[in-house]
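Student: Chains as they are written, first to last, in our numbering: chain Z, 2 to 565; chain A, 766 to 1459.
A virtual CB, placed ideally from N, CA and C, is assigned to each residue, including glycine.
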């Protein structure tokens, strides 16, 4: 192969990105965890021999962005360079050296080519169960959240550690699925390794030094060019959210220098007693994701393109929780980080970032069991749902669409096949999008019950009950989260709550906030929103000043079918 | 079959291709598609080929038709005024989609609008559970009231999609009955018939799509039948469907969503037929035109099929940016890479090619019509693959200066490359994009491409196919004649077929052979009925397929059952078949997990037309050269001197051992230094790896 390197490197970079996408797809197809296969809660990447990430698959979760980039360096340090052998597979679920909670298992495989150690493949997936109290915020420390796997060898020169397997089997609720997932992770790295070997053969490479330098140099230069074009300035941002028992203040100071962007979370609330604390790796991931979306969206993630984004936070603030703080539901606050960062960035770069949105995914877990006097089996059902996204400077917010998370919801028909749960309603929530020149995305209504003869515990993981998304530049707030039982009993936004046989949980998932003053909204858009029922007649008149006659004419046209 | 004169018609975006076949003789033409009345182009084309063949339209015994009209109506939103009736609480399923963003880093992302606006979606109080039991009964009076409410609204078509209706269709049937009474002129499509599969978004969207294009397609097919009869062609007309078979005009009018992607399906059938002629069991078909390239795996002379695909992608061909249609379909990977695909250099100094395309106006820079940005065709010109003076059969002269300027200013200047290097980079990147798509598709299906043969067709494919083969480790490439009208020829090779499928969850732990036999017999009856309505005599073969996974997984693996396994099902055999296939895909099985079947399918089909095996040439003689040429060879990173050949003057047995190219009016076949070519008796150019020099 004598292709000049400039062209060959172009091809190889494309190939490496394709390799990690393929690695990630293999995981999606073999994993047992709902969050992996339906929601894309996983990641995969390839690294050079020094542990620098060269390429990462774009998956449903930005939460792994930096965590993955940092992880391999921890593995090299813990395993020891001299102890890295062909056929090895390493593993951990360390929240601080992996991706933020015990439910994420990271597997790293050193890659050898013709006997030489040339790099690593790593992948992470959220597993069904890791023991402890189960997936929820109820633990008082990480020790209660499940079994901890320090960085260690899962396989030593091809031989899987059976002691580890026995220990894990004995500590989790779904041992077959967990072990199945571990092998799926190992297999996906193997697939990446095979593709890499083929590429190295095709281009007669002995190591990844040349292509690695090409990727990192170009990514660094491109990222620095983007940052250099920004105003060198600094601004404060903040947001207050529900928290578990008491509200949490998120505070950030964003500084743009000529060659880096720094987020300092000084001033943010301290640790919570419950498991909603966030290890710094996860905070970094979402802060960095937010900045990259706004500043350098087209540059792929790798060690060099991520390096100019720096994130710091005081130790044992809620966004830099250290061992042994409970961290299982670190996603709730993690998903709120982008809106916090955007509050600051908007002051430096106007008309770039959206208004606040629902933020964290509106997930819940239903633990079903037969009601007293009935027969049946127990089951656990986890559901991913989204509120509305914030309006943008030139377009409305997305209805019932996740941001910053990129996960997908499950079909309710599939959800109902996993246990005796019944989703009675899942549809858009009119009037929940904050009014504005550009309207916030609508949240959604859901109603959750069970087959007759079953009762359940409903683990709520919602925020924005008392702190709805705030509008930008005159836009109104989005609708808050609402939660109650159909029999009138009150419910909380977070925590495990009992629901008796025959009762339903009624949810209003939050809307995104508006952007700009509602009076500036194009009247045609207001009429369209009313025609479609995104807003009520009341809102059309009160928020947007449509006349009573106009409203009546529109509703009449809808009833006659005279609308497109 | 005794039909000896058959007509294949493919309406594409630009051209309507018509092929008439009498015995082994073929007569073809390309006519510009007439959007306002697509049947006009067909009539025009039919008369042209009839004249060439010296017959009257009345002599045609069968017409097979495929069309992009259904696809285009969905892309361009030109369907009928349509309503959806669904379960209370689920009005917005087709609008809420998967609640995710298909592009993670675009803050101003916009999602495609649903086919029907919210005010055209109505609900009824009713509910089935996940076992198909009635939780809330449907009251006939409610349906009647709703029918009265929407009667004055002027809908031409109504889709009905209820939760879990794939398990119990009684409520959907009741709604159809009431609508038939109250609104007899409105067409109705119900989800339990159109697409009885679990997953409400896909099922509802498919049903809505069917309803949305039904009035248009029904009226078009009716008009077509009338016009053809007026012109003397009173023979039966059949339609190509997306699954690679043909169905009656009446079935097509009832389920027009099955016509989506019928053109590309014809291309895959065309390639499958060539595979049969050469006895090839593993074929990769590669179809590259002006804006996209399509890749399909063909095993045992049968194109691979799938249950769901996406149409009308709105964002750079990105997965998730279109709408899902769940019907049996030939599984094709489509990427935005064609002769007109434009290149630029991004912020990372990476050359990017496509999916943006120059189209035919202004076209690539070398067309000299004002196109300033370099396209794949420009790179092909600079690299010597195209001849500036002999393009499109000499009807057009290419502008080399404009082409070099475009490559230089949009790629070369940023990357310090001259036009030749820029062209090389552009060409390698687009070839790599296509090779990557093929690699990933093969891996997802557990296939090793080095065992495959490539069959290439479409205007741009023969220029790039051999390089793709080098990249993919494929040793043999066939470029058939007639590749420009491949899909229309494919229609003539397609069997009558119909696939019926249904979602029913059964765990192997609860395996009930009697229930399974009954389910499969039911599906077989449904599928066979459609085929029998087309062909009263031929034997009908049934292919049984189940989709299986470990309980708890979200991805099913298709397992084709033998007739015996389908008729006498037993759990142990199913388990064995699944584990074998799983281990093949993922290198190991998972101990301790229960296995479940999620979807059952039966494809009824008439036997494939027996393909006459091509007697491959044994004796070879040196081909007559028509000129010298110099073509860039990426694998050698230099121009190689060789010869050019005129395809029309090549004869079976002609052997080409030099690098170079074979030209024909519609395309050019490139033979790189690593390959040799021989002309086979059926006109295929057979390009293989050179034997190593002694």
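In the region 339-383 of chain Z, which residue ranges form an unbroken beta strand (DSSP E) of at least 3 residues, counting only runs that do not cross its ends?
Tutor: Annotation: the region 339-383 of chain Z contains the following complete segments of the beta strand (DSSP E) (minimum length 3 residues), in chain order: 364-371.
Student: By Cβ distance below 7 Å, which residues in the same chain neighbour residue 959 (chain A) in space, the five residues on each side in sequence not counted?
Tutor: 971, 972, 975, 1020 and 1022
Student: Determine which residues share a DSSP beta bridge with residue 908 (chain A) and list them.
Tutor: As computed with DSSP, residue 908 (chain A) is found in no beta bridge at all.
Student: To which residues of the same chain is residue 445 (chain Z) closer than 6 Å at the C-beta, ignoring the five residues directly before and after it?
Tutor: 401, 429, 430 and 510
Student: Ordered along the chain, which non-local residues of its own chain (more than five positions away) have a Cβ less than 6 Å from that of residue 937 (chain A)?
Tutor: 925, 927, 930, 955 and 957
Student: Just confirm the distance between the C-beta atoms of residue 122 (chain Z) and residue 190 (chain Z), as a whole number of angstroms; I'd bet it's less than 8 Å.
Tutor: 4 Å
Student: Expressed to the nearest angstrom, what Euclidean distance is found between the alpha-carbon atoms of residue 812 (chain A) and residue 993 (chain A)?
Tutor: Going from the Cα of residue 812 (chain A) to the Cα of residue 993 (chain A) covers about 11 Å.
Student: Using a C-beta cutoff of 8 Å, does residue 1029 (chain A) count as contacting chain Z?
Tutor: no
Student: Within 10 Å of its beta-carbon, does residue 1059 (chain A) have 16 or more other beta-carbons around it, so buried, or fewer, so exposed?
Tutor: buried
Student: Mind listing which residues of the region 1257-1288 of chain A have their C-beta closer than 7 Å to chain Z's C-betas, in chain order?
Tutor: Answer in chain order: 1270.
Student: Where does residue 1136 (chain A) sit, in a helix, a strand or coil, going by DSSP?
Tutor: coil
Student: On the CB-based measure, 16 or more other CB atoms within 10 Å of its CB, does residue 37 (chain Z) come out buried or exposed?
Tutor: Per the 10 Å Cβ criterion, buried.
Student: Tell me the DSSP secondary structure of residue 424 (chain Z) in three-state form.
Tutor: strand
Student: Quick check on the DSSP output: the beta strand (DSSP E) that includes residue 164 (chain Z) runs from which residue to which?
Tutor: From DSSP, residue 164 (chain Z) is part of no beta strand (DSSP E) but of the alpha helix (DSSP H) over 163-170.
Student: Does any residue of chain A bring its CB to less than 8 Å from the CB of residue 184 (chain Z)?
Tutor: yes
Student: Please state whether DSSP places residue 336 (chain Z) in a helix, a strand or coil.
Tutor: coil
Student: Go ahead and pull the three-state DSSP assignment for residue 1342 (chain A).
Tutor: helix
Student: Kindly list, in the order they appear in chain Z, the residues whose Cβ is closer than 8 Å to that of residue 840 (chain A).
Tutor: Residues of chain Z passing the Cβ test: none, with the nearest at roughly 18 Å.
Student: Which residue from Z:542, Z:470 and Z:7 puts its Cα closest to that of residue 512 (chain Z)?
Tutor: Z:470
Student: Rounding to the nearest angstrom, what Cα-Cα distance links residue 1139 (chain A) and residue 305 (chain Z) in this structure?
Tutor: 30 Å
Student: Please classify residue 109 (chain Z): does DSSP put it in a helix, a strand, or coil?
Tutor: strand
Student: Which residue wins for smallest C-alpha separation from residue 25 (chain Z), given the options Z:8, Z:267, Z:517 and Z:46?
Tutor: Z:46
Student: Helix, strand or coil: how does DSSP classify residue 1425 (chain A) here?
Tutor: strand
Student: If I'm right that residue 1364 (chain A) touches residue 1312 (chain A) with Cβ under 8 Å, what's the distance once you round it to whole angstroms?
Tutor: 4 Å
Student: Listed in chain order, which residues of the region 1194-1226 of chain A have Cβ atoms closer than 8 Å to some Cβ of chain Z?
Tutor: 1194, 1197, 1198, 1201, 1204, 1205, 1208 and 1209
Student: Let me know the alpha helix (DSSP H) ranges lying completely inside the region 1102-1180 of chain A, each 4 residues or longer, listed in chain order.
Tutor: 1141-1147 and 1165-1172
Student: Just to make sure I have the definition right: I need the residues of chain Z whose C-beta is within less than 8 Å of the C-beta of residue 1112 (chain A). Which are they?
Tutor: 223, 226, 227, 297, 299 and 300
Student: Sort A:1423, A:1247 and A:1429 by Cα distance to residue 1452 (chain A) and report the nearest one.
Tutor: A:1423
Student: Report back the beta-carbon spacing between residue 850 (chain A) and residue 1050 (chain A) to the nearest angstrom; my notes put them in contact at under 8 Å.
Tutor: Residue 850 (chain A) to residue 1050 (chain A), Cβ: 41 Å. No contact.
Student: Buried or exposed: where does residue 186 (chain Z) fall if 16 or more other Cβ atoms within 10 Å of its Cβ makes it buried?
Tutor: buried
Student: Buried or exposed, going by whether 16 or more other CB atoms sit within 10 Å of the CB of residue 252 (chain Z)?
Tutor: Residue 252 (chain Z) comes out buried.
Student: Pull the bridge partners of residue 1095 (chain A) from the DSSP assignment, please.
Tutor: A:1070
Student: Could you check where the beta strand (DSSP E) with residue 219 (chain Z) kicks off and where it finishes?
Tutor: It is not in any beta strand (DSSP E) - residue 219 (chain Z) instead sits in the alpha helix (DSSP H) that spans 210-229.
Student: Among the candidates A:1117, A:1263, A:775 and A:1434, whose CA atom is the shortest distance from the CA of residue 798 (chain A)?
Tutor: A:775 is the residue among A:1117, A:1263, A:775 and A:1434 whose C-alpha sits nearest the C-alpha of residue 798 (chain A).
Student: For a contact defined as C-beta to C-beta under 8 Å, what are the partners of residue 1240 (chain A) on chain Z?
Tutor: Simply none; closest approach about 15 Å.
Student: Could you work out which residue in Z:475, Z:250 and Z:6 is closest to residue 214 (chain Z) when comparing CA atoms only?
Tutor: Z:6
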